[in-house]
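Read through the structure below, which is laid out as structure tokens, and then see the notes.
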Amino acid sequence: QTVMLAQTAVLLVLALLTWFLSRGAGERGSGGEGARGRLWLAGGTALFVTLPFWAWGALGSLLDIFLALALGLLFGWLAGWVYGRFWLRSLVEDSRGLNWDIAAGGFVAGTAVLIMASALSFNGVQLLLMIVLPALGWAAAALSPSPHPSSPHPSSPHPSSPHSLTLLLGLTAAFILMLTDSDGLYLGAFDGILRWAFQAAGVSLPLAWGMGVLLAALRGKLAEGYGRITPALTVITILTAVGVYFTAGQPGLHGDRIFVILKDQADVSSAAQIEDYDQRRQFVYDTLTNHADTTQADLRQSLDRLGIDYTPYYLVNGLEVRGGLPLKWWLSLRPEVARVIPSPVLRPVPENLPLPSQPASAPAEPDWNLTNIGAERVWQEFGVRGQGIVIGQSDSGVQWDHPELLDGYRGREGNHDGNWLDPWNGSPAPADAGGHGTHTLGSVLGNNVGVAPDAEWFACANLYRNLGNPALYLDCMQFMLAPYPQAGNAFMDGDPTRSAHILNNSWGCPEGYEGCDAGSLQTAVSALRAAGIFVVASAGNDGPDCGTITDPIAIYDESFTVGAVDRNDNLAVFSSAGPVMVDGSGRIKPDIVAPGVDVLSAVPGGGYARNSGTSMAGPHVAGVVALIWSANPDLIGDIEGTEAILIESAAPFRPNPEAAGLPEELADAPDFLAEMAAQTADPVSGTCLAETDTAVIPNNVAGYGIVNAYEAVKLALER
100 QTVMLAQTAV LLVLALLTWF LSRGAGERGS GGEGARGRLW LAGGTALFVT LPFWAWGALG
160 SLLDIFLALA LGLLFGWLAG WVYGRFWLRS LVEDSRGLNW DIAAGGFVAG TAVLIMASAL
220 SFNGVQLLLM IVLPALGWAA AALSPSPHPS SPHPSSPHPS SPHSLTLLLG LTAAFILMLT
280 DSDGLYLGAF DGILRWAFQA AGVSLPLAWG MGVLLAALRG KLAEGYGRIT PALTVITILT
340 AVGVYFTAGQ PGLHGDRIFV ILKDQADVSS AAQIEDYDQR RQFVYDTLTN HADTTQADLR
400 QSLDRLGIDY TPYYLVNGLE VRGGLPLKWW LSLRPEVARV IPSPVLRPVP ENLPLPSQPA
460 SAPAEPDWNL TNIGAERVWQ EFGVRGQGIV IGQSDSGVQW DHPELLDGYR GREGNHDGNW
520 LDPWNGSPAP ADAGGHGTHT LGSVLGNNVG VAPDAEWFAC ANLYRNLGNP ALYLDCMQFM
580 LAPYPQAGNA FMDGDPTRSA HILNNSWGCP EGYEGCDAGS LQTAVSALRA AGIFVVASAG
640 NDGPDCGTIT DPIAIYDESF TVGAVDRNDN LAVFSSAGPV MVDGSGRIKP DIVAPGVDVL
700 SAVPGGGYAR NSGTSMAGPH VAGVVALIWS ANPDLIGDIE GTEAILIESA APFRPNPEAA
760 GLPEELADAP DFLAEMAAQT ADPVSGTCLA ETDTAVIPNN VAGYGIVNAY EAVKLALER
């Protein structure tokens with residue numbers, strides 16, 4: 100909204116300047132029904148050409164719509180002024196016939212608009228405008244007044260700003276701007292918005308060309324009937340667009356929101372002194388909810404009086420508010436508010452894209468990642484498989500009836516209340532459109548692919564489309580602390596005695612496009628730790644440079660952060676490295692590394708696939724903690740003691756670049772999987788690994804070393 104507001108202001112100044120220069124030089128001599136008819140036809144053409152965007156796009160907030168309309172119409176005014184001043188005026192001296200005027204004028208208009216559109220909007224939306232708007236050149240020329248005597252609607256000798264062209268280009272640009280999620284387009288590599296936006300532009304392109312041909316061919320025949328026919332045609336087009344939007348499209352308003360963080364945050368650190376685990380969790384929940392209700396009261400009343408929608412939170416004392424810039428400015432001035440950060444919302448798309456992966460067969464025996472960390476030995480020698488431990492999974496979702504996961508689901512009898520929450524779509528049962536969550540949970544506790552196959556789980560969808568925001572992440576973190584019925588209230592109906600013991604968090608919340616600043620979620624992670632819940636966080640995939648662990652929650656001291664190694668225990672080139680600089684702490688991260696390259700796990704549809712990322716590494720550590728706590732229940736809730744076991748038992752990290760690459764059985768894998776051979780960080784190439792003395796422990800590439808399930812459980816049994 101800030102960018103659109105700035106561009107609107109600039110175009111307004113330019114429009115006022117051009118209006119001043121062209122006063123009295125409008126479409127004189129071309130008034131009456133003909134001019135009104137051309138305006139109707141211009142509006143109808145803009146709607147018709149953008150029908151694909153109405154089918155596959157989605158509207159933002161009312162402010163987004165207003166800014167898009169203002170920006171588009173101002174752009175149309177300037178395009179019309181340029182076309183009229185530099186082309187139509189030249190035809191007074193050099194017209195070669197009506198057909199030539201339209202054909203040549205289409206090229207002129209298209210070229211001018213192509214150049215102008217390249218500077219309009221941001222985040223790639225200008226590419227959509229550059230595809231569609233130039234294609235309207237011939238339609239614009241056909242609708243513009245012409246000085247040629249044979250024209251059915253000749254203009255004045257000095258045409259300057261043809262209003263029909265202004266309306267045609269302005270409304271087309273406005274509709275594209277208001278129906279395209281610019282933030283989502285920027286993140287198109289992770290989501291289907293990129294696909295649908297360019298698909299819409301690709302279909303609009305021939306529609307624009309076709310309208311140019313049709314309008315040029317019917318220019319003379321429609322002239323006499325402009326006043327009667329074109330309003331009816333435009334009304335039909337409007338009804339069609341409305342029908343398309345409400346049947347094939349994504350109806351409703353889907354504008355961004357803001358997250359308001361209050362200054363007064365509750366202190367629950369004393370909970371660690373409560374010996375009874377249930378009482379400890381209950382104390383944290385009661386303290387946080389009561390504190391939030393008390394300190395948010397005045398702000399909630401103000402928002403209620405104004406009729407502004409909001410959702411309160413307690414794990415971080417704050418509120419998500421539905422609103423844009425004006426509301427952000429007002430809230431920032433309130434005395435109880437510490438800061439206001441974005442809480443961006445991805446607009447819906449017709450269909451989500453699945454997580455890219457390499458399909459694989461069900462394992463006949465434990466795969467390399469499980470044997471490397473000694474999980475198989477734990478099962479065989481100690482009989483420990485994670486029984487009695489509850490894993491909380493916040494991710495894209497889960498296929499709950501996958502053979503790897505069904506018998507571990509806490510709601511396997513069909514009771515999803517308190518076992519599943521979908522703050523995105525409100526789905527009544529666990530689902531996973533992207534596949535990321537099913538894969539990561541499988542690595543924690545899958546029957547044949549997981550570290551702790553007898554552990555239980557429940558889940559929440561915080562990144563349904565592989566992206567989230569501060570509020571969505573908190574929705575799930577609160578559900579992990581105190582699950583509640585799907586129709587319930589997080590403040591009133593939560594049951595902390597049914598919380599997760601261990602949280603797997605294979606996600607990060609980058610400030611640049613998800614809104615989380617460095618401190619936004621720290622209070623939440625601190626409270627979870629105080630409640631005795633072990634928080635595992637994946638380091639991120641922004642390596643190999645130092646200082647690339649930048650996003651909550653991996654940056655926090657209260658999180659146990661995990662980097663990735665391959666089957667040869669070499670550091671993955673994508674694995675983010677410390678130190679943590681975004682909060683000025685210089686904190687050493689990650690804490691440990693685990694298998695994260697070519698990891699076999701479950702995917703939706705009941706199948707299996709191999710994927711890579713620190714998202715795949717974190718679940719191994721969550722599974723190992725489940726084994727530790729299952730082996731010695733006295734350690735449940737003892738976060739510091741458990742971290743000490745993981746650190747003490749970790750295997751030394753020793754780079755071995757000579758062993759990098761894929762095993763022989765995967766030598767013929769598809770290209771993207773074969774590229775994993777190059778996913779090992781080079782210790783001599785200027786990477787963080789090259790700059791780090793790995794003999795110093797902990798360090799900023801591997802922390803304390805490689806997680807070792809066998810030695811960790813062995814130590815736990817000795818405590």
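Going by the working numbering, 156 is the number at position 57 of the sequence shown; the sequence numbering is gapless.
Think of the CB as a built atom: it goes at the ideal place given N, C-alpha and C, for glycine as much as any other residue.
Note that the structure is a prediction, hence the values are computed from the model and not measured.
1. So, do the stretch 560 to 574 and the stretch 600 to 613 have three or more beta carbon pairs nearer to each other than 8 Å?
2. Can you give me the C-alpha to C-alpha distance between V436 and V444, rounded to a whole angstrom?
3. Could you check if A749 belongs to the surroundings of the ligand PLP, using beta carbon to heavy atom distance under 7 Å?
4. Spatial neighbours of T107 within its chain, please: CB distance less than 7 Å, with the 5 preceding and 5 following residues excluded, ordered by chain position.
5. Work out the CA separation of R137 and P251 for me, nearest whole Å.
6. If G534 and L504 are in contact, beta carbons under 8 Å, what's the gap, nearest whole angstrom?
7. What is the DSSP secondary structure of N518, reduced to helix, strand or coil?
8. Spatial neighbours of A721 within its chain, please: CB distance less than 6 Å, with the 5 preceding and 5 following residues excluded, ordered by chain position.
9. Would you kindly check if the distance between the Cβ of H390 and the Cβ of A371 is under 8 Å?
10. Between A811 and G736, what straight-line distance do the alpha-carbon atoms span, to the nearest angstrom?
11. Look up S604 in the DSSP assignment and say whether it is helix, strand or coil.
12. Ignore the nearest five residues each way along the sequence and tell me which others in W139's own chain have a CB closer than 8 Å to its CB.
13. Leaving out five residues on either side along the sequence, give the residues of the same chain with a beta carbon under 6 Å from the beta carbon of E764.
14. If you count every other CB in all the chains shown that lies within 10 Å of the CB of V224, and 16 or more means buried, which is it?
15. Taking T386 and V367 to be in contact with their CB atoms under 8 Å, please state how far apart those CB atoms are, rounded to whole angstroms.
16. Evaluate contact between the stretch 642 to 654 and the stretch 673 to 680, counting only Cβ atoms and requiring at least three cross-stretch pairs below 8 Å.
17. May I ask which residues mark the beginning and end of the beta strand (DSSP E) holding Q74?
18. Between the alpha carbons of E555 and G485, how many angstroms are there, rounded?
19. For the candidate residues A234, I275, V212, N222, whose alpha-carbon lies nearest to that of D282?
20. Can you tell me where the beta strand (DSSP E) with I357 in it begins and where it stops?
21. If you compare alpha carbons, which of R356, I214, A114 is closest to S160?
22. So which of L177, R135, A145 has the shortest CA-CA distance to W119?
23. Helix, strand or coil for W523, going by three-state DSSP, please let me know.
24. For L264, tell me which candidate among L304, L219, L314 has the shortest Cα-Cα distance.
25. The beta strand (DSSP E) that contains E739, what's its start and end?
26. With a 10 Å radius around its C-beta and 16 neighbouring C-beta atoms as the bar for buried, classify E419 as buried or exposed.
27. Determine contact between the stretch 692 to 704 and the stretch 724 to 739, defined as no fewer than three beta-carbon pairs at a distance below 8 Å.
28. So for Y805, helix, strand or coil by DSSP?
29. Do G205 and W237 have their CB atoms nearer than 8 Å?
30. Between which residues of its own chain and P709 is the CB-CB distance below 6 Å, once the five residues before and five after are set aside?
31. When we look at the beta-carbon of A808 and count the other beta-carbons within 10 Å, is it buried (16 or more) or exposed?
32. Below 8 Å on the Cβ atoms is my contact criterion, and I expect T713 with K688 to pass it. Report the Cβ-Cβ distance as a whole number of Å.
33. Does DSSP put E657 in a helix, in a strand, or in coil?
34. Write down every uninterrupted run of the beta strand (DSSP E) in the stretch 632 to 688 whose length is 3 residues or greater and which is fully enclosed by it, in chain order.
35. In chain order, which alpha helix (DSSP H) runs of at least 4 residues are fully inside the stretch 376 to 458?
36. If you check the beta carbons only, do I632 and A599 fall under 8 Å apart?
The structure says:
1. yes
2. 22 Å
3. Absent from the structure shown: the ligand PLP. Ligands present: none.
4. In chain order, L166, A169, L170, L173 place their CB closer than 7 Å to the CB of T107, counting only its own chain and leaving out the 5 sequence neighbours on each side.
5. With a pLDDT of 48 at P251, under the threshold of 50, the modelled position of that residue is not reliable, and the figure given next carries that caveat. Near 12 Å, if we compare the C-alpha coordinates of R137 and P251.
6. 13 Å between Cβ atoms; not a contact.
7. Correct three-state label for N518: coil.
8. V543, I601, N603, V635
9. no
10. Rounded to whole angstroms, A811 and G736 show a C-alpha spacing of 16 Å.
11. The question names Ser, yet the displayed sequence has Asn at residue 604. Correct three-state label for N604: strand.
12. Setting aside the 5 residues that flank it on each side, W139 is surrounded in the same chain by Y325, T329, P330, L332, T333, each with a C-beta closer than 8 Å to its C-beta; the list follows chain order.
13. Model confidence at E764 stands at a pLDDT of 46, short of 50, so the residue's coordinates are unreliable and nothing is read from them.
14. By the neighbour-count criterion, in which 16 or more other beta carbons inside 10 Å mark a residue as buried, V224 falls on the buried side.
15. 5 Å
16. yes
17. With the chain covering 100 to 818 only, the question about residue 74 has no answer from this structure.
18. The alpha-carbon atoms of E555 and G485 are separated by roughly 8 Å.
19. N222
20. 356 to 361
21. For S160, the closest C-alpha among the options R356, I214, A114 is that of R356.
22. It should be noted that the sequence gives Phe, not Trp, for residue 119. The residue with the shortest Cα to Cα distance from F119 is L177.
23. coil
24. L314
25. First-last for E739: 738 to 748, but that is the alpha helix (DSSP H), not the beta strand (DSSP E).
26. buried
27. Because the criterion of three Cβ pairs below 8 Å is not met, the stretch 692 to 704 and the stretch 724 to 739 do not touch.
28. With the sequence shown as reference, residue 805 is identified as Ile, and Tyr is not the correct amino acid for it. It is a strand residue.
29. yes
30. Note on identity: in this sequence residue 709 is Arg, with Pro being the wrong assignment. For R709, where only same-chain residues beyond five positions count, the Cβ hits under 6 Å are Q457, A459, D697, L699.
31. buried
32. At roughly 11 Å, the Cβ-Cβ gap does not stay under 8 Å, so T713 and K688 are not in contact.
33. Residue state, collapsed to three classes: coil.
34. Runs of the beta strand (DSSP E) inside the stretch 632 to 688: 633 to 637, 659 to 664.
35. 376 to 394, 396 to 405, 424 to 431
36. yes
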